[in-house]
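Just so it is clear: in the sequence shown, position 73 is 73 by our numbering, and no numbers are missing.
Taking it in order: structure first as structure tokens, then the write-up.
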Amino acid sequence: MYTSFKIENFRGFDHLELDDLARINLIAGKNNVGKTSLLEAIFINTGHFNYEVLRRKRSNGKNPSQLSSASLFHNLEVKKHLTIDSCIDGATGREVEISYYENINDLSDDEHFERLTKPFLAAIDFDGVELNQWRILKFLYSDGKKISAGFAIELLIFSMVNIDIEPFNIVFVASSGITSPKVSNAELYSALLLEDITANQTRLVEALRILEPRLDLITILTLGDSNVIHGQIGNQLMPLNAMGEGVERVTEMILAIGKAQNGILLIDEIENGFHYSVLEDVWKVIAKAARDFNVQIFATTHSLETIRAAHQAFSESDTYDFRYHRLDRRKSGQITASSYDQETMQAAVEMDFEIRG
């Protein structure tokens, strides 16, 4: 598991250090303080440098192809390297250095580019597009033993050419649903059943009963060209999405944790779709599933009820494998992170401190 991160020159972060990470990490702070950017930095560090996913998340309804690769860099300072370094289990983790090139000719002496990317480009007909119009990101990964490189080419909608980087297993759940990799809930559920039909079916049914106590079982029905998860209540079958947003959201959470087995799960705005009264139980289900599937979770929230419910749920557990991290923007503009362990969280709750930032 990740135990710390250090980020330089990425998005809104000039410099950020995040320490004392646990299995479950909840991140909060005011608007525009970098919560989603932190998830993106983790996404890149895992080796999944599909920048197209990040561009879609940043498009805000606009054409994502209009977004520039320079937006990855703090204050658009593309002349400085962007770095995302991590420690794993307290030892050396994965270091990522991202460089920006306005002109492809600036890479003419780059060993990785000449060997990897030139043959790729030579096989493509660009229909008169001048090479000097391309903007390129170079991703250089190091784990202390091996160095791997990748290149994102902006005019190709960030096509990535890379060598033997071993990505961590990761699933990114945006506030609107799973974005990477994009698969249906029925496909995720089917994959879990193939691994352990009895245990995983029971796990999902018990989780969904938090919001729908009448649920007897779940199954997959084929409707037209689609496979849809249905739940049985009494003698009636109905699609899970017809039982309410909360049921659909819990389903997505558990299935995403299963998909991220032995890896990382990123969840943006984890409270979406849940009534505050069920949050504590939801956290208990998430915690159990994360331990069962050996998944480390990073989630963001705006909700004080979500933060307090998480603390209460883990306090009642045998293991308090939870950390709350608050991002704050100082008067200087610098963003810093404060981490709360169980004792600090308990004191903050008892004294009714405003801990959201």
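Think of the CB as a built atom: it goes at the ideal place given N, C-alpha and C, for glycine as much as any other residue.
What residues match up with residue 340 in a beta bridge as DSSP calls it?
Here the question's residue 340 lines up with position 340 in the sequence shown. Its beta-bridge partners are 324.
Three-state class that DSSP yields for residue 233 in the structure shown:
Locating residue 233 in the sequence shown gives position 233, counting from the first residue. Correct three-state label for residue 233: strand.
Could you tell me the distance, in whole angstroms, from the CA atom of residue 299 to the CA atom of residue 344?
Counting from one through the sequence shown, the residue named residue 299 turns up at place 299. Counting from one through the sequence shown, the residue named residue 344 turns up at place 344. Taking the straight line from one Cα to the other gives about 19 Å.
Measure the Cβ-Cβ separation of residue 301 and residue 271 and say whether it is below 8 Å.
For the purposes of this step, residue 301 is taken as residue 301 along the sequence shown, with counting starting at 1. For the purposes of this step, residue 271 is taken as residue 271 along the sequence shown, with counting starting at 1. Going by C-beta atoms, residue 301 is nearer than 8 Å to residue 271.
For the beta strand (DSSP E) containing residue 29, list its first residue and its last residue.
In the sequence shown, the residue the question calls residue 29 occupies position 29. Note, residue 29: beta strand (DSSP E), 24 to 29.
Assuming residue 92 contacts residue 168 under a Cβ cut-off of 8 Å, what Cβ separation, rounded to an integer in Å, is found between them?
Translated into the one-based positions of the sequence shown, residue 92 becomes position 92. Translated into the one-based positions of the sequence shown, residue 168 becomes position 168. Their Cβ separation, rounded to whole angstroms, is 15 Å, which puts residue 92 and residue 168 out of contact at 8 Å.
With DSSP as the reference, identify every bridge partner of residue 238, one or two as the case may be.
If you number the sequence shown from 1, residue 238 lands on position 238. In DSSP, residue 238 forms a bridge with 231.
Does the Cβ-Cβ distance between residue 239 and residue 250 come in under 8 Å?
Residue mapping note: residue 239 aligns to position 239 of the sequence shown, counting from 1. Residue mapping note: residue 250 aligns to position 250 of the sequence shown, counting from 1. The answer is no: Cβ separation not under 8 Å.
Cα separation between residue 113 and residue 297?
Within the sequence shown, residue 113 is the residue found at index 113, counting from 1. Within the sequence shown, residue 297 is the residue found at index 297, counting from 1. Whole-angstrom Cα-Cα distance: 34 Å.
Cβ of residue 353 within 8 Å of Cβ of residue 266?
For the purposes of this step, residue 353 is taken as the residue at position 353 of the sequence shown. For the purposes of this step, residue 266 is taken as the residue at position 266 of the sequence shown. No.
Just verifying my parser: in three-state terms, what is the DSSP assignment at residue 306?
The residue given as residue 306 occupies position 306 in the sequence shown. Helix, per DSSP.
Could you check what DSSP says for residue 82 in three-state terms: helix, strand or coil?
Residue 82 sits at position 82 when you count from the first residue of the sequence shown. Strand at residue 82.
Inter-residue CB distance, residue 208 and residue 215 (contact presumed, cutoff 8 Å):
The sequence position of residue 208 within the sequence shown is 208, counting from 1. The sequence position of residue 215 within the sequence shown is 215, counting from 1. The Cβ separation is near 5 Å, so the contact holds.
Enclosing alpha helix (DSSP H) for residue 292 [first to last residue]
Locating residue 292 in the sequence shown gives position 292, counting from the first residue. Here the alpha helix (DSSP H) through residue 292 covers 279 to 292.
Among 279, 102, 87, nearest to residue 4 - alpha-carbon criterion
Here residue 4 is taken as the residue at index 4 of the sequence shown, counted from 1. Per the Cα distances, 87.
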